[in-house]
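Numbering (my numbering), first residue to last: 237 to 755.
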């Protein structure tokens, strides 16, 4: 009996078939033994995979967090905070943030972006005005993200965080779950819940709240000042944001709340020192600048004070309105009255629409920053009535001029109340610039309408008499020129005053002989 030599290379001794077996029996035995060994090997592999936490049905995705047994031995992803500089468009003036995750073992290198929205949405303006604007978390490769911001000529800076293996995997897993379609959408709030605060709220739990603890001190300025300093180069955006926001953003803020700005989050991360896996260490392990914008100005440290410039503009408009009213009254200049009416309509349209807008933002939307806006006193909603009265002012109609006069008087009173209210502590909104602009304008409008009203009525200088005959019915009181007053008949006293000097002159006249005539 010869041993089966097919297994001699793998075993120290040959495997002999049972006694009495020969030929085909020995071959069957060898095949059965090989099958048993293969099955045993498969079972051992399955047990090993089960113990390691890996399913034998599929390979583990690089995005998924490894098991608790593997997490200490498997390389962790690198977590970085990306800070992008300001752009050219109004909504890009404040910069942007994202989180970069570099997975190990040649895994994907992605950027999680909390600032994604649909710019081409048909409901964009309505959602924004009502405070129901939705943003979502999107995922893109770091390479494409970097290329996009380079093309936009915006700074790209990176701060690599010193996180341990379990913490880094936890952050990566949290971002992966938040990016799922059912979790990625959130309701955008410019100051309290935006792309920067979302990044802040991801990093802070990873360092056990040390970031919030380190930045709980008093901030450098209010949210209004931060906003105005970043949009100061755009005059109309500066004015629009300043006038539309109420006292909510004039409160004293902390450095934590200032991190609604990406630049402030970047500064805050630099100050954090925490106890990591290798002892006490800074949170920012490494800094890198991927791209520096070309030709962009540095961010302002303080907002510009334009109170005097606003006052000059408001005073110039008010003086013009008063001058036009005086010209129309004193010199009867029709062009002055027509120009006054045109400017009156423009002023009423802008001021009234702003007042109605502020009222709607306060009562009908979720924009908390627009609540209790004291600028409603400067932009009175009833000013829209000046638009309807402007044509009557142009045609010199007394009733329309009276209505415009009353509206202007109410506007002056409301604007003055807004100024006096600054003495009370409950009126804490910083709107001195807006008062300096609108109060002189209201006073000028009121003055111009006062003179226009005098011209239409002529009550102070000449009495008005109605013309006689059929001409009175045809003549319109709304004509451009006031009616010519008729001279009243002389009274008896006037006649005596007129004849008495004539008589004395005759009596005192010299006689032909050179002597005065006898009395």
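Heads up, the beta-carbon is just placed ideally off N, CA and C, and yes, glycines get one too.
Asked                                                                                                                                                                    : Found
For a test of your reading of the model: does the CB of residue 399 fall under 7 Å from any non-hydrogen atom of the ligand GDP? Yes or no.                              : As presented, the structure is devoid of all ligands, the ligand GDP included, so that no description of it is given.
Would you report the Cα separation of residue 710 and residue 584, rounded to the nearest angstrom?                                                                      : Below a pLDDT of 50, predicted positions are generally treated as unreliable, and residue 710, at 44, falls in that range; the measurement from the model is reported next regardless. Whole-angstrom Cα-Cα distance: 34 Å.
State the Cα-Cα distance for the pair residue 598 and residue 481, rounded to the nearest angstrom.                                                                      : 10 Å
With the cut-off set at 8 Å, would you say residue 432 and residue 327 are in Cβ contact?                                                                                : no
Along the chain, where does the alpha helix (DSSP H) containing residue 413 start, and where does it finish?                                                             : 401 to 414
Quick one: what does DSSP say residue 577 is sitting in, helix, strand or coil?                                                                                          : helix
Counting only the same chain and skipping the five closest in sequence on each side, list residues whose C-beta sits under 6 Å from that of residue 448.                 : 440, 492
Please list, in chain order, all residues of the same chain as residue 384 whose beta carbon is under 8 Å from its beta carbon, the five residues on each side excluded. : none
Could you check how far apart the C-beta atoms of residue 373 and residue 415 are, in whole angstroms? I think they sit under 8 Å.                                       : 5 Å
Below 8 Å on the Cβ atoms is my guess for residue 479 versus residue 620; work out the distance and round it to an integer in Å.                                         : In fact, because the Cβ distance is near 17 Å, the residues do not count as touching under 8 Å.
Which runs of the alpha helix (DSSP H) at least 4 residues long sit entirely within the stretch 555 to 623? Give them in chain order.                                    : 570 to 600
Measure the alpha-carbon distance for residue 594 versus residue 511 and round it to whole angstroms.                                                                    : 49 Å
Unbroken beta strand (DSSP E) runs of length 3 or more, entirely within the stretch 338 to 388: which are they?                                                          : 345 to 352, 370 to 377
Which residue wins for smallest C-alpha separation from residue 413, given the options 348, 524, 685, 683?                                                               : 348
So what does residue 334 bridge to, in DSSP terms?                                                                                                                       : 318
How big is the Cα-Cα spacing for residue 501 and residue 396?                                                                                                            : 14 Å
For my contact list, residue 312 and residue 344 are in at a C-beta cut-off of 8 Å; report their separation, rounded to the angstrom.                                    : That pair is no contact at about 15 Å.
Tell me whether the beta-carbon of residue 317 lies closer than 8 Å to the beta-carbon of residue 505.                                                                   : yes
Provide the residue(s) that pair with residue 775 in DSSP beta bridges, ordered along the chain.                                                                         : Since the displayed the chain opens at 237 and closes at 755, residue 775 lies outside it and no answer follows.
Just checking, does the stretch 526 to 542 make contact with the stretch 652 to 667 on the three C-beta pairs under 8 Å criterion?                                       : no
Mapping DSSP to helix, strand and coil, what is residue 663?                                                                                                             : coil
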